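As structure tokens, the structure follows; a few thoughts come after it.
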Amino acid sequence: MNNKALVGGAIALGIIVSVLLFCFWIGKKGIDSLRGNTNTTEITRPDGQPQIPSTAPASPEQAAAVYLAFGNPSNASASEPNNYLLVNNYFALSYNRDKAIPNWAAWRISPAEVGDFPRPEPDPFRPDNRLPKSWKRITPSDYTGSGFDRGHLTPSADRSGSIEGMSQTFLMTNMTPQTGDLNRGPWAKLEAYLRTLVTRGNDVYIYAGVYGENGKVKNKVSIPTNDWKVAVVVPTGSPIYAINENTRVIAVDMPNVRGILRADWQVYRTTVRQIEQNTGYNLLSN
């Protein structure tokens, strides 16, 4: 190979690296700007912008790459009992062994993941056998008579594109004690609103979780004081490096109390940065 070819190859490689670094910088800058963003302007995909499929992941490994595309908020892993990472094809979550509830869950709503499948029958609530055998498994009866709903972090309707996907949301590791007024009021209204965004040509990446403690259900299951959610709205198929300061982000922090059944979810809007301060998590870190 002559010197001209070597020089030409080096220049081409340099250009490719520069472009990749620029794309990363643009995405990182956009994500950083979202932390304090209360912007409600939706972005559109630029001409020629590469797409990624909005199909449901085919394996837990693919699911982790998709649902944690914006980062692992607490660096959850299989070695931390109170920050225990669980991933299936439909969502990822951090489980807290001592509190017997999830810390947070992460998933995406896309056209492929929302459909018309009904709730599985018979009663689909059940223990999660993926937990280590030495851990106590919470059962549906642990909530019976408590005055609290078995509140989904990842909603079943967000996985109505398949029977299996919907069924997985009824694992007890996806449940936290919620008041009926929260679960069926502003929390449910926000869930429904986010699904409407998918019908308008968007993918919605979501993190949701809880913090605080106000006693325990039957001395077993921690009752959170607050439920929070962060949703990033992008055109269907957009890669995360298309995120910028104009990307729509929705952040809410709702009290787990009674008397709010008729409340509008928008009353509880906040910023990602405020949720980070309340939880200690690092959201939208990638």
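Residue numbers for the sequence shown follow the working numbering, so the first one is 1 and each next one is one higher. We treat Cβ as the ideally placed atom computed from N, Cα and C, and that holds for glycine. The structure presented is a predicted model; accordingly, all values stated were derived computationally and were not measured.
Bounding residues of the alpha helix (DSSP H) (the contiguous stretch that carries residue i)
i: Val272; result: Val272 to Thr279
i: Arg195; result: Pro186 to Thr199
i: Ser167; result: Ile163 to Gln168
i: Pro120; result: That residue, Pro120, is in no alpha helix (DSSP H); it is neither H nor E in DSSP.
i: Pro81; result: Per DSSP, Pro81 belongs to no alpha helix (DSSP H) and is neither H nor E.
Contact under 8 Å by Cβ, residue i with residue j
i: Thr279; j: Gly209; result: yes
i: Val217; j: Ala251; result: no
i: Gly201; j: Ser160; result: no
i: Ile109; j: Leu194; result: yes
i: Arg258; j: Thr179; result: yes
i: Leu93; j: Ala105; result: yes
i: Asn226; j: Asp264; result: no
C-alpha gap between residue i and residue j, whole angstroms
i: Phe125; j: Ile163; result: 14 Å
i: Arg150; j: Tyr241; result: 36 Å
i: Gly215; j: Gly147; result: 13 Å
i: Leu284; j: Met172; result: 26 Å
i: Arg137; j: Glu245; result: 43 Å
i: Lys99; j: Glu213; result: 9 Å
i: Val66; j: Asn88; result: 12 Å
i: Leu140; j: Val249; result: The sequence shown places Pro at residue 140, not Leu. Roughly 34 Å separates the two Cα atoms.
i: Met175; j: Ile101; result: 6 Å
i: Val233; j: Lys220; result: 36 Å
Residue i in three-state terms, based on DSSP
i: Pro111; result: helix
i: Tyr207; result: strand
i: Pro177; result: strand
i: Asp142; result: helix
Any chain D beta carbon closer than 8 Å to residue i
i: Ile243; result: No chain D appears in this structure, which consists of one protein chain only.
Start-to-end residues for the beta strand (DSSP E) that takes in residue i
i: Pro235; result: Asn226 to Pro235
i: Val267; result: Unbroken run through Val267: none, as it is neither H nor E.
Using 8 Å as the threshold, is the region 67-86 in touch with the region 179-192, meaning 3 or more CB pairs across them? no
Three Cβ pairs or more, each shorter than 8 Å: is that satisfied between the region 201-208 and the region 125-143? no
Specify whether the region 111-121 and the region 61-79 touch according to this definition: at least 3 beta carbon pairs, one from each stretch, less than 8 Å apart. no
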